[in-house]
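Asker:
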Amino acid sequence: HTRFQFARECTAGLHSLAAQVAYAAGEMGAAYSHTRAWCSLSPSSRGAWAVYSCLASHSRVRRSEERWAVRLLLREPDTSPAAAALATAIAHQCLISRSFDIAIAEYTKVGAAHPDEPLLPLCIGVAMLQTVPSRRNAHKGHSALVGFSWLERYAAIRAAEGGADGAREAQYNLARAYHHLGLLHLAAPRYAQALLASPAPADTSTGGGSGAAGGAHDVSRECAHNLAAILRASGSAELARRVVRTYLTV
Numbered sequence: 079h080t081r082f083q084f085a086r087e088c089t090a091g092l093h094s095l096a097a098q099v100a101y102a103a104g105e106m107g108a109a110y111s112h113t114r115a116w117c118s119l120s121p122s123s124r125g126a127w128a129v130y131s132c133l134a135s136h137s138r139v140r141r142s143e144e145r146w147a148v149r150l151l152l153r154e155p156d157t158s159p160a161a162a163a164l165a166t167a168i169a170h171q172c173l174i175s176r177s178f179d180i181a182i183a184e185y186t187k188v189g190a191a192h193p194d195e196p197l198l199p200l201c202i203g204v205a206m207l208q209t210v211p212s213r214r215n216a217h218k219g220h221s222a223l224v225g226f227s228w229l230e231r232y233a234a235i236r237a238a239e240g241g242a243d244g245a246r247e248a249q250y251n252l253a254r255a256y257h258h259l260g261l262l263h264l265a266a267p268r269y270a271q272a273l274l275a276s277p278a279p280a281d282t283s284t285g286g287g288s289g290a291a292g293g294a295h296d297v298s299r300e301c302a303h304n305l306a307a308i309l310r311a312s313g314s315a316e317l318a319r320r321v322v323r324t325y326l327t328v
């Protein structure tokens, strides 16, 4: 048993290495195939499923090729450490392929077992809002309300975690959701709140800003760009220029 387990781990490691080499060479299909084998051999590896989700979006995997992951999920008990990673990976892939109902169901199942994970309500909210513009959705208002309730839950979890980065991120994602549905009067205040919570741009002797000096996950520039676009479209050109000078001038 020990020798078999050792051989299995070595094989999984080789597939992981082959996937990295194929990805570096731009061979997304080969990288996906090796990552799929890696996930089959190490179903409880979070890293394997993270790489799979990334590569699947690049290689445009067809839905028929997702069945192996579903079969793998059915073999795993719900209490298995691999079950949550598997279900999340399948949900991500269904979200990419616009199978929103399946994605929402899988995200909800995982979220029930991990109520403090902010990514899950964010994904559920995004998937729900993606159904709103669909002609087949006869209850667009209800879908929008449910989607935003999940996003508010995500924002509350991020706020409970503490830290300015989480607050800015939550405000930006809520603003982007309103912006996506054309609710500009609700998106603009959220963008503004995110900017107010951002690090103040450094002043220069010429009176212009130097851009928001945030970290790698700072979204102040995205907020400023979108807010300026909304202000410009509403006829507030001077306010839009002020936002650009303050947050987007280098």
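Residue numbers (our numbering): 79 to 328.
Don't be surprised by glycine CBs; every beta carbon is placed ideally from N, CA and C.
Mapping the DSSP letters down to three states, classify leucine 326 as helix, strand or coil.
Answerer: As a first step, residue 326 must be located in the sequence shown, where it is residue number 248. If DSSP states are grouped into helix, strand and coil, leucine 326 belongs with coil.
Asker: Whose C-beta lies closer than 6 Å to the C-beta of alanine 163 among residues of the same chain, with five residues either side of it excluded?
Answerer: Within the sequence shown, numbered from 1, the residue matching residue 163 stands at position 85. So the list reads Arg124, Trp127, once near-sequence residues are dropped.
Asker: Mind checking which residues open and close the alpha helix (DSSP H) that includes proline 193?
Answerer: Start at 1 with the first residue of the sequence shown, and residue 193 comes out as number 115. Taken as a continuous stretch (DSSP letters only), proline 193 belongs to no alpha helix (DSSP H), as it is neither H nor E.
Asker: Comparing alpha-carbon positions, which option in Val328, Ala311, Ala306 lies nearest arginine 320?
Answerer: Working through the sequence shown from its first residue, we reach residue 320 at position 242. Here the closest residue by C-alpha is Ala306.
Asker: For leucine 348 versus alanine 253, is the C-beta distance shorter than 7 Å?
Answerer: Because the chain is modelled from 79 through 328, residue 348 falls outside the range shown and cannot be assessed.
Asker: For my contact list, isoleucine 174 and alanine 109 are in at a C-beta cut-off of 8 Å; report their separation, rounded to the angstrom.
Answerer: Taking the sequence shown and counting its residues from 1, one reaches residue 174 at position 96. Taking the sequence shown and counting its residues from 1, one reaches residue 109 at position 31. Wrong, their Cβ atoms sit about 16 Å apart, outside the cutoff.
Asker: So for arginine 213, helix, strand or coil by DSSP?
Answerer: Position 135 of the sequence shown, counted from the first residue, corresponds to residue 213. Coil, per DSSP.
Asker: Mind checking whether valine 188 and alanine 222 have CB atoms under 7 Å apart?
Answerer: Taking the first residue of the sequence shown as position 1, residue 188 is located at position 110. Taking the first residue of the sequence shown as position 1, residue 222 is located at position 144. It is not a contact, given that the beta carbons lie outside the stated cut-off.
Asker: Using three-state DSSP, classify leucine 94 as helix, strand or coil.
Answerer: Taking the first residue of the sequence shown as position 1, residue 94 is located at position 16. Leucine is not the amino acid found at residue 94; the sequence shown has serine there. Serine 94: helix per DSSP, three-state reduction.
Asker: I need the straight-line Cα distance from glutamine 83 to tryptophan 116, nearest angstrom please.
Answerer: Within the sequence shown, residue 83 is the residue found at index 5, counting from 1. Within the sequence shown, residue 116 is the residue found at index 38, counting from 1. Their backbone Cα atoms lie some 14 Å apart in a straight line.
Asker: Leaving out five residues before and five after serine 94 in sequence, what residues of the same chain have Cβ atoms less than 6 Å from its Cβ?
Answerer: Taking the first residue of the sequence shown as 1, we reach residue 94 at position 16. These residues qualify, in order along the chain: Trp116.
Asker: Would you identify the three-state DSSP class for arginine 124, choosing helix, strand or coil?
Answerer: Taking the sequence shown and counting its residues from 1, one reaches residue 124 at position 46. Three-state DSSP puts arginine 124 in a helix.
Asker: Would you call the CB atoms of tyrosine 232 and proline 193 closer than 7 Å?
Answerer: The sequence position of residue 232 within the sequence shown is 154, counting from 1. The sequence position of residue 193 within the sequence shown is 115, counting from 1. No, Cβ-Cβ distance for tyrosine 232 and proline 193 is not below 7 Å.
Asker: Residue ranges of each alpha helix (DSSP H) run of no fewer than 4 residues wholly in the segment 236-261, ordered along the chain?
Answerer: Listed in chain order, the complete alpha helix (DSSP H) runs (minimum 4 residues) inside the segment 236-261 are 242-258.
Asker: Following the continuous alpha helix (DSSP H) through valine 204, name the residue where it begins and the one where it ends.
Answerer: For this step, residue 204 is matched to residue 126 along the sequence shown. It spans 197-208 - the alpha helix (DSSP H) in which valine 204 sits, taken as one unbroken run.
Asker: Quick check on arginine 86: buried or exposed, where buried means 16 or more other Cβ atoms within 10 Å of its Cβ?
Answerer: Here residue 86 refers to the residue found at position 8 of the sequence shown. Its Cβ having fewer than 16 others within 10 Å, arginine 86 is exposed.
Asker: Going straight from the alpha carbon of proline 121 to that of valine 129, what length do you get?
Answerer: One-based indexing of the sequence shown puts residue 121 at position 43. One-based indexing of the sequence shown puts residue 129 at position 51. Distance between the alpha carbons of proline 121 and valine 129: 12 Å.
Asker: May I ask you to report which of helix, strand or coil DSSP gives valine 129?
Answerer: Numbered from 1 along the sequence shown, position 51 holds the residue referred to as residue 129. Helix.
Asker: So, helix, strand or coil for cysteine 105, using DSSP?
Answerer: Here residue 105 corresponds to residue number 27 of the sequence shown, with the count starting at 1. Residue 105 is actually glutamate in this sequence, not cysteine. Here glutamate 105 sits in coil by DSSP.
Asker: Keeping to the same chain, check which residues put their C-beta closer than 7 Å to that of threonine 186; ignore five residues upstream and five downstream.
Answerer: The count along the sequence shown starts at 1 and reaches residue 186 at position 108. So the qualifying residues of the chain are Ile202.
Asker: Just verifying my parser: in three-state terms, what is the DSSP assignment at aspartate 296?
Answerer: One-based indexing of the sequence shown puts residue 296 at position 218. Coil at aspartate 296, not helix or strand.
Asker: How should aspartate 179 be labelled, buried or exposed, when 16 other C-beta atoms within 10 angstroms of its C-beta is the threshold for buried?
Answerer: Mapped onto the sequence shown, residue 179 falls at position 101. Aspartate 179 comes out exposed.
Asker: Using the rule of at least 16 other Cβ atoms within 10 Å of the residue's Cβ for burial, across every protein chain shown, is leucine 198 buried or exposed?
Answerer: As a working note, residue 198 is residue 120 in the sequence shown. Classification of leucine 198: buried, given that the 10 Å Cβ count is 16 or more.
Asker: Taking the Cβ atom as the reference point for each residue, do alanine 242 and alanine 191 lie within a distance shorter than 7 Å?
Answerer: As a working mapping, residue 242 is identified with position 164 in the sequence shown. As a working mapping, residue 191 is identified with position 113 in the sequence shown. For alanine 242 and alanine 191, no; Cβs fall outside 7 Å.
Asker: Can you tell me whether histidine 112 is buried or exposed, with buried defined as 16 or more other CB within 10 angstroms of its CB?
Answerer: Against the sequence shown, residue 112 aligns to sequence position 34. So histidine 112 counts as buried.
Asker: Ordered along the chain, which non-local residues of its own chain (more than five positions away) have a Cβ less than 6 Å from that of valine 224?
Answerer: The residue labelled residue 224 in the question sits at position 146 within the sequence shown. Correct list, in chain order: Met206.
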